[in-house]
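Student: Residue numbers for the sequence shown follow this note's numbering, beginning at 3 and rising by one.
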Amino acid sequence: MGSPAGSLALVTGGHGFVGSHLAAGLLAAGTAVRVLDRPGPRQTDLGGPRASGLDLLGLREEVELVEADLLDGESVAGAVAGCDSVFHLAAQTIVGVARRCPHETVDVNVRGSWNVFMTCREAEVGKVVFASSDKAYGTAPELPYREDFPLRADHPYDSSKAAADVMARGLAREWGLPLAVSRFANVYGGGDLNFTRLVPETAIAVADRRAPRIRSDGAPRRDFLHVDDAISAYLAIAGALDGEGAAGEAFNAGGDQPHSVREVVDLIAAVGGGEVEPEYGPGLPPGEILDQYLDSTKLRELTGWAPRVDLRTGLGRTVEWYREHEEVRP
Numbered sequence: 003m004g005s006p007a008g009s010l011a012l013v014t015g016g017h018g019f020v021g022s023h024l025a026a027g028l029l030a031a032g033t034a035v036r037v038l039d040r041p042g043p044r045q046t047d048l049g050g051p052r053a054s055g056l057d058l059l060g061l062r063e064e065v066e067l068v069e070a071d072l073l074d075g076e077s078v079a080g081a082v083a084g085c086d087s088v089f090h091l092a093a094q095t096i097v098g099v100a101r102r103c104p105h106e107t108v109d110v111n112v113r114g115s116w117n118v119f120m121t122c123r124e125a126e127v128g129k130v131v132f133a134s135s136d137k138a139y140g141t142a143p144e145l146p147y148r149e150d151f152p153l154r155a156d157h158p159y160d161s162s163k164a165a166a167d168v169m170a171r172g173l174a175r176e177w178g179l180p181l182a183v184s185r186f187a188n189v190y191g192g193g194d195l196n197f198t199r200l201v202p203e204t205a206i207a208v209a210d211r212r213a214p215r216i217r218s219d220g221a222p223r224r225d226f227l228h229v230d231d232a233i234s235a236y237l238a239i240a241g242a243l244d245g246e247g248a249a250g251e252a253f254n255a256g257g258d259q260p261h262s263v264r265e266v267v268d269l270i271a272a273v274g275g276g277e278v279e280p281e282y283g284p285g286l287p288p289g290e291i292l293d294q295y296l297d298s299t300k301l302r303e304l305t306g307w308a309p310r311v312d313l314r315t316g317l318g319r320t321v322e323w324y325r326e327h328e329e330v331r332p
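And the structure:
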């Protein structure tokens, strides 16, 4: 566990899919949670409203809510004040939006992160975990990605995460800030309302007995991490900041084995009990990399963390979640 019972943790982006599950994990461990998210309605890449993950998990009344824009340093400082730990997950995360609005993506993901890190330094926060991305690696000379690989991101979203990643680790060394960086695989599970992503789109299609619309031709290979394992990895990284060897470091966390898009679609159909004929795209979507998967040895050796939810089990749980929550479907 990353934060002792009785402490206060800030989760930025806490209304989101992973952020809300992280809030749940912290609460379960006895840590009070403050959530920072931007004011106004949350939007999907499709333009419609998106429910809060806190509401889906029944946690809205269990956390302290703070509305603040990451670009407003004074508001960020108010949210950080009094916190023992900060988990910085808030970001512009949708690849399509990043291509259409690169300035906004850089502002939020780089300048917004600077505000968080600067405020954490001034407030002498005890531990900070920054959510980078496997996308920061870009097209690597070999696979799987290891933490000592150079970050070769090309596209707007990937580049913004790589820039913030480098900045975070540099500031940790320069300032002595107890900060570590996470680079996770594709996180999936019930409650992901970004329906442009592979798993929610396919899971809902299988539940509805319709053809899933896949953006690629099915060939790309990805690493998948169930949200429960992602949360345990965040807490393991935070816990490692209590000792030596974590500050200023990056840590991968993935599901141990890459799977092609076609494999995942077929597996979702199998565990969901539905025969579907996917509508595949013509090739690799703009801004995407063909193959991406991670080596998680570093985190395993330092903390003992390991994924516990195999892909078949996790996808089965995910399909059932969407079957039981028709109200969130697009």
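Think of the CB as a built atom: it goes at the ideal place given N, C-alpha and C, for glycine as much as any other residue.
From a predicted model like this one, the values you see are computed outputs, not experimental measurements.
Cβ of Ala271 within 9 Å of Cβ of Phe253?
Tutor: It is not a contact, given that the beta carbons lie outside the stated cut-off.
Student: Quick test of the definition: if touching needs 3 or more C-beta pairs under 8 Å, does the region 159 to 166 touch the region 221 to 238?
Tutor: No contact exists between the region 159 to 166 and the region 221 to 238.
Student: In the DSSP assignment, find the unbroken beta strand (DSSP E) run with Leu269 in it and report its ends.
Tutor: Looking at the DSSP string, Leu269 is not in any beta strand (DSSP E); the run it does join, the alpha helix (DSSP H), is Val263 to Gly274.
Student: Just to confirm, are Glu124 and Ala79 a CB contact at a threshold of 9 Å?
Tutor: Their beta carbons are under 9 Å apart, which means Glu124 touches Ala79 by this criterion.
Student: Run through DSSP, which three-state label would Ser298 get?
Tutor: Reduced to three states, the DSSP call for Ser298 is coil.
Student: By Cβ distance below 7 Å, which residues in the same chain neighbour Ala53 in space, the five residues on each side in sequence not counted?
Tutor: For Ala53, where only same-chain residues beyond five positions count, the Cβ hits under 7 Å are Leu195 and Val330.
Student: Counting C-beta neighbours from all protein chains within 10 Å, is the total for Gly245 16 or more, i.e. buried, or is it exposed?
Tutor: It is exposed - the Cβ of Gly245 has fewer than 16 other Cβ atoms within 10 Å.
Student: Give me the Cα-Cα distance between Gly55 and Pro41, rounded to the nearest whole angstrom.
Tutor: Their Cα atoms are separated by approximately 15 Å.
Student: Please determine, among Arg224, Trp323 and Val229, the residue with the shortest C-alpha to C-alpha distance to Tyr295.
Tutor: Residue Arg224 is the option with its Cα nearest to Tyr295.
Student: Could you tell me whether the Cβ atoms of Ala138 and Ala93 are closer together than 9 Å?
Tutor: Not closer than 9 Å, so no.
Student: When you compare the CB positions of Val108 and Ala209, do they come within less than 9 Å of one another, or not?
Tutor: Cβ atoms of Val108 and Ala209: not closer than 9 Å.
Student: If you scan the region 201 to 240 from start to end, which runs of the alpha helix (DSSP H) of 4 or more residues do you find wholly inside it?
Tutor: Qualifying alpha helix (DSSP H) stretches: none in this window.
Student: Is the number of C-beta pairs between the region 93 to 103 and the region 147 to 160 that are closer than 8 Å three or more?
Tutor: Touching, per the Cβ criterion.
Student: Going by C-alpha distance, which of Arg62, Met120, Glu64 and Thr95 is nearest Glu76?
Tutor: Here the closest residue by C-alpha is Met120.
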